[in-house]
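Residue numbers (our numbering), protein chains in the order written: chain A, 1 to 275; chain B, 1001 to 1165.
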Amino acid sequence: MLRFLKGLGLFTAVALGVAAAPVHAAGDLLVAPTRVILDGSRGTEVVLNNIGTEPATYRISLEIKRMTAEGGLDEIAEDEANPAERAALDMIAFSPRRVTLPPNQPQVIRVGVRVPEGTPQGEYRAHMLFRAVPDAAAAPAAAAKPAGEGVSIALTPIYGITIPVIVRVGDLGAEASIGEAWVGETPDGPAFNFDLARTGNRSVYGDIEVTRPGAAEPLLVARGIAVYPEVAKRNVSLRVPGELAAKLKGPVRIRYTEDREIGGGTIDEAERIVK
Amino acid sequence: MRKFGMKRAIVGAAIAALAMNASAAHAASATGTAKAKILRQITLTNTSDLQYATIISGATASTVAVSTGGTRTCGGSLTCTGTATAANFDVAGTDSAVVVVGGDSSVTLNGSLGGTMTSSLTYSSATITLGATGGSFQVGGTLNVGANQASGDYSGTFNVTANYQ
């Protein structure tokens, strides 16, 4: 409802703003799947689709990102990559790297891997970035301004999607454990927080389910939470509506399970009193 | 439109999956198995731009801020006209999936008649948890306008990504 109102407000603002630039969405995109794990020999395919209304040129590249203790993903410049990150960039091959697609035209990106002999065992990871190349001619029309006075501003976002591409070399294992849980305030509203610690030589990845003992329906479900090897522990902060934040306080059971696609086994489970 | 896009991606993936399994299916011709793989997907659409609209600079340096909610605050010595909006991005994907939002924290704008300005950028959230109908995030910012800033059309680009972990 809130989102609807917000959307309506936005719509009204756009509709009323005669001088506002037209809404354009050249560069909207779809990527599937959302995570790629390679065992070192077989490659895979990723689908990119132009879901915008205009033809768009997309560039595909590999980026290095490091997880932070807060669970964010920091972008790392290529010349600051450590040897393992450099090795990940070198062992992952993909094609094409640039493609122009008419609306609703999917394109398969082939992803291959070549692990050089003697590569130390471990998990190697890069993030595949898909994004539209800005079209100079299609820059948003500046708002009409009186001739000779004032400044008009046109800010064009270059937006894209990244998915992790993970290469596992050798026999790897990892465990995770759920730490303290609490409800806190963020500048954007209340959030459910807990610590997630990791040990071992690979990442852990899975879904979080928070239930109240005795109640069947989970209070909160969050899918696709990872702890990458560069951090031993991270905070998981999930924004929740105010009424849910109040409900989450008290005794809960937090369960961290593996991805449903690989069986959904429990990684860790804990009973916590949420403060 | 977005729904149509999703359908096509699944079809595309299914075609790819079928092509990959074609030889196996041929070998096992006694059992007619049809295979289709449904891939998890994420979509990102840009539904509005970050608009400071038109600003008439004053004798002293000042700032114009557009909140992630789209509300503009015009600095003391400035005159602001037109309709300001925050940038909005819709994200759709697996229900309950957590998506990390990333992007530049500032952008430099170059004027058509010379001169530059900088703008800081703020994001409505560092992560979003997708609901059944997806989710969205907004980008606002604060523009630094110099004293008697040269008039003209200022433009700049900034990077925004939706990241799966």
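Heads up, the beta-carbon is just placed ideally off N, CA and C, and yes, glycines get one too.
Q) With C-beta atoms as the reference, is Ala1065 (chain B) less than 7 Å away from Thr1133 (chain B)? A) Numbered from its first residue, the second sequence carries residue 1065 (chain B) at position 65. Numbered from its first residue, the second sequence carries residue 1133 (chain B) at position 133. With a cutoff of 7 Å on beta-carbon distance, Ala1065 (chain B) and Thr1133 (chain B) are scored as not near each other.
Q | Closer than 7 Å at the beta carbon, the chain A residues around Ala1087 (chain B) | A | For the purposes of this step, residue 1087 (chain B) is taken as the residue at position 87 of the second sequence. Those within 7 Å of Ala1087 (chain B) in chain A are Pro157.
Q) Does Ala1022 (chain B) get closer than 7 Å to chain A when you measure Cβ to Cβ? A) Position 22 of the second sequence, counted from the first residue, corresponds to residue 1022 (chain B). With a pLDDT of 39 at Ala1022 (chain B), under the threshold of 50, the modelled position of that residue is not reliable, and no figure is offered here.
Q) For the alpha helix (DSSP H) that contains Gly297 (chain A), what are its first and last residues? A) In the structure as shown, chain A starts at 1 and stops at 275, and residue 297 (chain A) therefore has no counterpart that could be examined.
Q) For Arg66 (chain A), does the three-state DSSP call read helix, strand or coil? A) Position 66 of the first sequence, counted from the first residue, corresponds to residue 66 (chain A). The answer is strand: DSSP assigns Arg66 (chain A) an E or B state.
Q. When you compare each of B:Leu1113, B:Val1100, B:Gly1140 to Ala1130 (chain B) by their alpha carbons, which one comes out closest?
A. Residue 1130 (chain B) sits at position 130 when you count from the first residue of the second sequence. The sequence given here places Leu at residue 1130 (chain B); Ala does not occur at that position. Looking at B:Leu1113, B:Val1100, B:Gly1140, the one whose alpha-carbon comes closest to that of Leu1130 (chain B) is B:Val1100.
(Q) According to DSSP, simplified to helix, strand and coil, what is Asp90 (chain A)? (A) Taking the first residue of the first sequence as position 1, residue 90 (chain A) is located at position 90. In the structure shown, Asp90 (chain A) sits in a helix (DSSP, three-state: H, G or I).
Q) On the three-pair Cβ rule with 8 Å, is the region 1075 to 1091 of chain B touching the region 1054 to 1061 of chain B? A) Flag = yes, the region 1075 to 1091 of chain B and the region 1054 to 1061 of chain B touch.
Q: Could you work out which residues of chain A lie near Gly1152 (chain B), taking near to mean beta carbons separated by less than 7 Å?
A: Reading the second sequence from its first residue, position 152 is the one you call residue 1152 (chain B). Neighbours of Gly1152 (chain B) on chain A, chain order: Val151.
Q. With a cut-off of 7 Å, does the C-beta of Ile161 (chain A) fall near any C-beta of chain D?
A. Absent from the structure is chain D; the protein chains it does hold are A and B.
**Q.** Bridge partners - Asp1104 (chain B), DSSP secondary structure assignment
**A.** Mapped onto the second sequence, residue 1104 (chain B) falls at position 104. Answer by DSSP bridge pairing: none, since Asp1104 (chain B) is not bridged.
Q) Checking contacts by CB at 7 Å: is Arg234 (chain A) closer than that to chain B? A) As a position in the first sequence, residue 234 (chain A) is number 234, starting the count at 1. No, Arg234 (chain A) lies away from the interface with chain B (no Cβ there is under 7 Å from its Cβ).
Q | Ile225 (chain A) to Asn1159 (chain B) span [Cα, whole Å] | A | Walking along the first sequence from the start, residue 225 (chain A) turns up at place 225. Walking along the second sequence from the start, residue 1159 (chain B) turns up at place 159. Straight-line Cα distance between these residues: approximately 24 Å.
**Q.** Beta-carbon neighbours of Ser237 (chain A), restricted to chain B and to distances below 9 Å
**A.** Looking up residue 237 (chain A) in the first sequence gives position 237. For a Cβ distance threshold of 9 Å, residue set Ala1126, Thr1127 of chain B lies close to Ser237 (chain A), ordered along the chain.
Q: Name the residue from A:Lys249, A:His127, A:Thr186 whose alpha carbon lies nearest to the alpha carbon of Tyr1164 (chain B).
A: Counting from 1 along the second sequence, the entry for residue 1164 (chain B) is found at position 164. That would be A:His127, whose Cα lies nearest to the Cα of Tyr1164 (chain B).
**Q.** Residues, ordered as in the chain, of the region 35 to 52 of chain A that lie near chain B by beta-carbon distance below 7 Å
**A.** So the list reads Arg35, Glu45, Val47, Asn49, Ile51, given in the order they occur along the chain.
(Q) Which residue wins for smallest C-alpha separation from Thr34 (chain A), given the options B:Lys1035, B:Ser1106, B:Arg1040, B:Thr1033? (A) Translated into positions along the first sequence, residue 34 (chain A) becomes position 34. The candidate whose alpha carbon is nearest that of Thr34 (chain A) is B:Arg1040.
Q | Assigned exposure category for Gly1093 (chain B) - 16 Cβ within 10 Å defines buried | A | Position 93 of the second sequence holds residue 1093 (chain B). Its Cβ being crowded by 16 or more others within 10 Å, Gly1093 (chain B) is buried.
Q. Enumerated in chain order, which unbroken segments of the alpha helix (DSSP H) with a length of 4 residues or greater are wholly contained in the region 1039 to 1125 of chain B?
A. Counting only runs of 4+ residues, no alpha helix (DSSP H) is found wholly inside the region 1039 to 1125 of chain B.
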